[in-house]
Amino acid sequence: MSPRNLLLLSLRQKRRILKNNINLKSYLNNKFALQQQPVITNEIRSKKQQESTPQNHNLQLESVSEIISNADSDLLNYVPEQNNYLEKFDIEEFSPLIDESNSSDSDCIDLLEDSIDLRIKLQKWGTGHNVTHSAISDLLKILKTHQCFSDLPSEARTLLQTPTTTVIRQVEPGQYCHLGLAAGIIKVLKKSNSCHETVVVHINIDGIPIHKSTNKQLWPILGSVKDVSDSDVFVIGIYEGCSKPNDLNNYLRDFVEESVELISNGIIYKSRKIDFQIEAFICDAPARAFITSIKNHTGYYGCGKCTVKGKYVDNRVVMLKTDAELRTNDSFRGRVQEKHHNGISDLEKLPLDMIESFPYEYMHLICLGVTKKLLKLWTSGKVKVFRLGPKVILKISKKTRKSWQVFTCRVQPETKTTFRN
């Protein structure tokens, strides 16, 4: 059995296998000792007992040849017959017993490996189809009623090797749990069966409200492996609290420490070292300002790409200058424009370009930014300036409805549906 398969066993199964091996070894040793013990006549046994001393409790039996040399001459013709019998018994009687034991032991190992293979398949089935723990537990109990599956666990937590404890630390005003960056990457590599010399990762950090009626919110740290087909987004760490973390660096501590370790030493996967690199942090404007510890995008010095100073116009800050000096990684780390910074982020400990590694992403900038703003102006803006007429809006709506037939929406990870009228 391979060491990888042995690690998948529960403690109870390991004890059972160890007990069976000990019993088998004891059984074979006893058989060998019984067959190798010489046949000694009463005369020889009496003579040997007289020669032995009472203090020698660890006396071992001599071989048949030594006993023959010390026996009386009138017994010489008798002892070789016993010796021939022993040799015949060893060959004809004991060898089949050893072969039968080895065959039985091999069959047990094959059955055990089949059981482990079935367990691995059940694990992949449960996690691949998002089966609930209660459903998996019910299935295991049904399978265990058959003697062929009696070695399967009774609970889904045992089958899936769910950790019994979770390390949660306080990050005011909430708490944080770090699940691991390397663990998520290895899961993606196992699923894709791909081989890479370097793993390039994209990171996302954002706030998510849990309920509308409370201030409870989550701040997960998510990751995605670049250039891997069907790479699932995995959770690196997650924060829960009534507001975003008060201390940014305390929130990022576990992530930064593990990232520094992986960048320095790489990831060990299938006994091979894979280099690790973080290419970009893909976040919306508030989250980007939070994790880099700079002014918000609504501030006078909130632009993350240039040093332009905003101007307050019609209840908002706008950036009118288009030829301002561009920011660089050196100018950012050197605090050339001090008013742009709120503090020092621990992300600066990583070998990142603090400007290029934090891009302005398309979804919030275009789809939910400019496009959303234009649609509001066209449909509900001022009549004389932007607002379109009712007939034009109706015509646009009809054409949009027709285009729904060719648009697809990803509802679930493995399911695609088409919009209908």
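Numbering (this note's numbering), first residue to last: 1240 to 1660.
The C-beta atom is built at its ideal place from N, Cα and C for all residues, glycine as well.
Does DSSP put residue i in a helix, a strand or coil?
i	result
residue 1459	strand
residue 1448	strand
residue 1432	coil
residue 1437	strand
residue 1592	coil
residue 1414	strand
residue 1372	helix
residue 1301	Annotation note: pLDDT 45 at residue 1301 (below 50); position unreliable, coordinate value reported separately. Coil.
residue 1580	strand
residue 1511	strand
residue 1408	strand
residue 1565	strand
residue 1547	coil
residue 1362	helix
residue 1480	strand
residue 1626	coil
residue 1400	coil
residue 1281	Since pLDDT at residue 1281 reaches only 48, below the 50 mark, its modelled position is unreliable, and no value is offered.
residue 1355	helix
residue 1254	helix
residue 1443	strand
residue 1575	coil
residue 1556	strand
residue 1394	coil
residue 1500	helix
residue 1518	strand
residue 1473	strand
Quick check: the Cα distance between residue i and residue j, rounded to an integer number of angstroms?
i	j	result
residue 1568	residue 1542	14 Å
residue 1480	residue 1382	42 Å
residue 1395	residue 1466	33 Å
residue 1635	residue 1509	56 Å
residue 1374	residue 1360	16 Å
residue 1404	residue 1416	11 Å
residue 1563	residue 1615	30 Å
residue 1504	residue 1620	56 Å
residue 1613	residue 1532	31 Å
residue 1645	residue 1434	35 Å
residue 1661	residue 1497	Here the chain covers residues 1240 to 1660 and nothing more, so residue 1661 does not appear.
residue 1256	residue 1596	53 Å
residue 1476	residue 1517	16 Å
residue 1549	residue 1607	22 Å
residue 1432	residue 1468	10 Å
residue 1254	residue 1507	30 Å
residue 1251	residue 1369	27 Å
residue 1611	residue 1452	26 Å
residue 1625	residue 1572	43 Å
Have a look at the options and flag the residue whose alpha-carbon is nearest the alpha-carbon of residue i.
i	options	result
residue 1559	1540, 1617, 1630 and 1251	1540
residue 1449	1581, 1532 and 1459	1459
residue 1400	1407, 1391 and 1408	1391
residue 1519	1411, 1415, 1442 and 1377	1442
residue 1511	1483, 1572 and 1436	1436
residue 1454	1483, 1433 and 1370	1483
residue 1376	1615, 1397, 1407 and 1505	1397
residue 1717	1618, 1368, 1615 and 1425	The first residue shown for the chain is 1240 and the last is 1660, placing residue 1717 beyond what the model contains.
residue 1576	1546, 1475 and 1356	1546
residue 1522	1561, 1536 and 1598	1598
residue 1367	1408, 1506, 1525 and 1430	1430
residue 1485	1252, 1573 and 1409	1409
residue 1418	1474, 1251, 1357 and 1566	1474
residue 1358	1495, 1371, 1372 and 1388	1388
residue 1513	1472, 1561, 1534 and 1464	1464
residue 1574	1534, 1495 and 1259	1534
Please say whether residue j and residue i have beta carbons closer to each other than 8 Å?
i	j	result
residue 1501	residue 1586	no
residue 1470	residue 1427	yes
residue 1461	residue 1447	no
residue 1538	residue 1556	yes
residue 1478	residue 1413	yes
residue 1529	residue 1487	yes
residue 1630	residue 1594	no
residue 1379	residue 1393	yes
residue 1627	residue 1639	no
residue 1526	residue 1536	no
Is there a Cβ from chain C that is less than 8 Å from the Cβ of residue i?
i	result
residue 1602	This model lacks chain C altogether, as it is built from one protein chain only.
Do the stretch 1575 to 1593 and the stretch 1487 to 1497 make contact, defined as three or more Cβ pairs closer than 8 Å?
-> yes
For the stretch 1601 to 1617 and the stretch 1570 to 1583, state whether three or more C-beta atom pairs, one from each stretch, are separated by less than 8 Å.
-> no
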